[in-house]
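Take a look at the structure set out below.
There are 4 protein chains.
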Amino acid sequence: MARSKYDSSARERILAAAEELFAQHGFDATPTSRIAALAEVPKGLVHYYFKRKADLLTALVERLPDERVEPARVVVPGDLAESLRRLVSELDRRLSASRMLSHLLWREADTHDAVRDALQDRFQVLVRQVRAVILAAGVGGLAMADVDSAAGLLALAVSYRHSMARHVEVNGADAMDRELTFIADALKSRSRHE
Amino acid sequence: MARSKYDSSARERILAAAEELFAQHGFDATPTSRIAALAEVPKGLVHYYFKRKADLLTALVERLPDERVEPARVVVPGDLAESLRRLVSELDRRLSASRMLSHLLWREADTHDAVRDALQDRFQVLVRQVRAVILAAGVGGLAMADVDSAAGLLALAVSYRHSMARHVEVNGADAMDRELTFIADALKSRSRHE
Amino acid sequence: MARSKYDSSARERILAAAEELFAQHGFDATPTSRIAALAEVPKGLVHYYFKRKADLLTALVERLPDERVEPARVVVPGDLAESLRRLVSELDRRLSASRMLSHLLWREADTHDAVRDALQDRFQVLVRQVRAVILAAGVGGLAMADVDSAAGLLALAVSYRHSMARHVEVNGADAMDRELTFIADALKSRSRHE
Amino acid sequence: MARSKYDSSARERILAAAEELFAQHGFDATPTSRIAALAEVPKGLVHYYFKRKADLLTALVERLPDERVEPARVVVPGDLAESLRRLVSELDRRLSASRMLSHLLWREADTHDAVRDALQDRFQVLVRQVRAVILAAGVGGLAMADVDSAAGLLALAVSYRHSMARHVEVNGADAMDRELTFIADALKSRSRHE
DNA sequence: AATGAATGAGACTTCATTCAT
DNA sequence: AATGAATGAAGTCTCATTCAT
């Protein structure tokens, strides 16, 4: 069996190059030749591994890291704000590795079905996770509607920070923490009044 | 007097065609020839009006409708939830006309400075407007931090619905109303406890 | 209106170049760049006039000269051999101008429907024409089956000479004349026996 | 003893696949990868057996079945028409096995010398064979010119049917038989009149 | 003012062929 | 003997842009 000249890292290098360039200039505006150049492989090798250019995108999506966080790892029983804070910080750690990729997803979701599907899946997962933490943090007597609203708003904020923050800088660096606290307090307030 | 062959609507038709196609397939994936075809003008005319293809994008951005809503028109003194509801519904009316355009902005902000600037401006305007309405609705005794958080979250939700909802359908059609109510109630709760 | 830089002969030159190269090396083995070079036009112009490479073939087919010969012009009443001889010589004159093209048709008929259709049409016309001349030459008392056979064989011989002679040199230069005489005599003989 | 992984039929399977694909789409339009796929062998093996792609064509030509028919096997003394009929039917049987291949020869003769040579050889053999049968069928008193003409025309008709009939359907299914009879009768007539 | 013609840079892709094992 | 990996040359086609009128 012929041994890979690139000790099997060539494919990875190509994907890494594609991720960077796609995120930077967009899928359409990135020629495969440039990907090859950045990955330091001959142009032909890119097409050997990925028959169509779009296959690069698909492969990138399949390579997405799992962002699921075990609720037990972050929940501080009785302290919702702290629980959410730990969840967000844990998500941050994981997502920041693929921040460029997240951004890319939003850009290309329109035109590539695989990308759009992945984007939707990931967002659903995110919402469910926030919901799980809220419930596990043990603030009794919450209306489900409130939980859903809080989870939706928070998921949006997290997701947005990781994919869109590049464009829209609105509340400064501590905005997330402030919003998170606001939501936690709001939930607490409402539960007391039930 | 010499009348233009296209009674001066040709330019508009070109822009309308560009907006539709850009939003649908993206800027790079839309040839000027296709814009010309949709606008039913000769290909040469597109380049006559817009020397560079990117000029189409710039012109589109400059043509963006103003989405500013006079706070007085929507505020119901003393009823924050209703005030916000009216604000959102008013914004909805205005934005739905240019929903494709909003979506386009997010896609192309990366690579076109003019677009990114416009996107940022519009978001800032949106946040300030929400803040103004919250303040005008007369819920006394609010911490500025809470107002900012609420405004940020709500602006995000509105903006997101108009440009991204295409991809991520998370909370169903009534999500916005629920979230809006949640925020209003949260603010009210907190003010009472001050 | 913009005037053609090539005083409208560029298209023709491209077609001529294509005809020559296609006939020489085959359709697939001829790059459009080579056609452009031979026609002395920039590569882009070839694709400007002919969006797909196959369109060159179609255009070539549509440009095929009409090979129809007015029977009256060649028939010598009562002398079938001479009538056929004149027909063939007239066809020769016309076809020799497009000998390469005829050859090309046979090669590419498999893979290009337009070519195959043209080839069939032209062959039908050829057969009918030979038949018409036989009948007009006034050899009475012929069975239709014989006329058909004679026409079919002769058409084959003529067509073959113009498109295949390049490969198969079988009977020498005077073969056609000999075969033609043979057929004429055969018909005459058979008519006498009716 | 070490047995080849493919029990020595792999080479044959490759050739069979090549024959089919070449005949169907042409030599140039058939990638070796597709041949390998159809033959169900790894792509590398095709190039292992046939260093150049053109070698496939050469091998195919060398594998051509011998179409020579022993005159004695078909001649019915004194009955020329029947003799020719039997010859043609015998040739039919042999050629139909390699009809695709015959067709292929005409297509690729232009560009591959080995193919052109084989094509010419086979045609020569065909003509000589028809001539031998005509002479052996014992129609006395024939001019050599007539025999040559008849043989040439008939060989053309046979050859044409096997390689070109795909394109030009002119006289229907019984054309060959009719033409064959016509030629036989013609020869007979002419011999009587000598 | 308006436009058809023309251009050339460059994109994606295919593919025969070579090579290391 | 056999084969997956790798390569680079070349091909078709698209397209923004320029130009001449």
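Chains as they are written, first to last, in UniProt numbering: chain A, 1 to 194; chain B, 1 to 194; chain C, 1 to 194; chain D, 1 to 194. Every residue, glycine too, gets a C-beta built ideally from N, C-alpha and C.
Chain-ordered chain A contacts of residue i [CB-CB under 8 Å]
i, result
"Ala29/B", "Asp28 and Thr111"
"Arg13/B", "By Cβ distance, chain A contributes nothing, its closest Cβ being about 24 Å from Arg13/B, past 8 Å."
Check whether residue i and residue j have beta carbons under 8 Å apart
i, j, result
"Val130/C", "Val75/C", "no"
"Leu57/A", "Glu90/A", "no"
"Leu64/B", "Ala118/B", "yes"
"Ser191/C", "Gly141/C", "yes"
"Leu80/C", "Lys188/C", "yes"
"Asp28/D", "Gly78/C", "no"
"Leu38/B", "Glu12/B", "no"
"Leu180/D", "Leu84/D", "yes"
"Thr32/D", "His47/D", "yes"
"Arg178/D", "Asp148/C", "yes"
"Ala186/C", "Ala145/D", "no"
"His162/B", "Arg99/B", "yes"
"Trp106/C", "Met176/C", "no"
Status (buried if at least 16 other CB within 10 Å, exposed otherwise) for residue i
i, result
"Tyr160/B", "buried"
"Asp66/A", "exposed"
"Arg122/D", "buried"
"Ala143/D", "exposed"
"residue 195/B", "Because chain B spans 1 through 194 in this model, residue 195/B falls outside it and cannot be assessed."
"Ala2/C", "Confidence at Ala2/C is low in this model, with a pLDDT of 45, below 50, so the placement of that residue is unreliable and no value is reported for it."
"Asp174/C", "exposed"
"Asp113/C", "exposed"
"Ser96/D", "exposed"
"Arg93/D", "exposed"
"Arg116/C", "buried"
"Phe182/D", "buried"
"Val170/C", "In this prediction, Val170/C scores a pLDDT of 49, lower than 50, which makes its location untrustworthy; the coordinate-derived value is nonetheless stated afterwards. Val170/C should be labelled buried."
Within chain C, partners of residue i - CB distance below 8 Å
i, result
"Leu95/D", "Residues of chain C passing the Cβ test: none, with the nearest at roughly 16 Å."
Interface partners of residue i on chain B, CB under 7 Å
i, result
"His25/A", "Thr111"
"Arg99/A", "Residues of chain B passing the Cβ test: none, with the nearest at roughly 13 Å."
"Arg68/A", "Result: empty, since nearest Cβ-Cβ is about 17 Å, beyond 7 Å."
Neighbour list for residue i in chain D, Cβ cutoff strictly below 9 Å
i, result
"Arg190/C", "Phe182, Asp185, Ala186 and Ser189"
"Arg52/C", "Residues of chain D passing the Cβ test: none, with the nearest at roughly 15 Å."
Within chain C, partners of residue i - CB distance below 9 Å
i, result
"Ser83/D", "Simply none; closest approach about 18 Å."
"Arg73/D", "Near Arg73/D there are no residues of chain C at all, since even the closest Cβ is about 24 Å away, more than 9 Å."
Integer-rounded CB distance, given that residue j should sit under 8 Å from residue i
i, j, result
"Val158/D", "Val88/D", "6 Å"
"Leu104/A", "Phe22/A", "5 Å"
"Leu126/B", "Leu60/B", "Their Cβ separation, rounded to whole angstroms, is 19 Å, which puts Leu126/B and Leu60/B out of contact at 8 Å."
"Pro71/D", "Ala150/D", "In fact, because the Cβ distance is near 15 Å, the residues do not count as touching under 8 Å."
"Ala36/A", "Lys43/A", "4 Å"
Closer than 7 Å at the beta carbon, the chain A residues around residue i
i, result
"Ala156/B", "According to the sequence as given, residue 156/B is Leu; it is not Ala. The answer, in chain order, is Leu156, Ala157 and Tyr160."
"Arg128/B", "Ordered by position in chain A, no residue passes the 7 Å Cβ test against Arg128/B, which lies about 10 Å from the chain."
Chain-ordered neighbours of residue i on chain C, where CB pairs are closer than 7 Å
i, result
"Asp146/D", "Phe182"
Per-residue contacts from residue i into chain B (C-beta, under 8 Å)
i, result
"Arg131/A", "None at all; the shortest Cβ gap to chain B is about 11 Å."
"Arg34/A", "Correct list: empty, because the minimum Cβ distance to chain B is about 14 Å."
Chain-ordered neighbours of residue i on chain D, where CB pairs are closer than 7 Å
i, result
"Ser149/C", "Arg178, Glu179 and Phe182"
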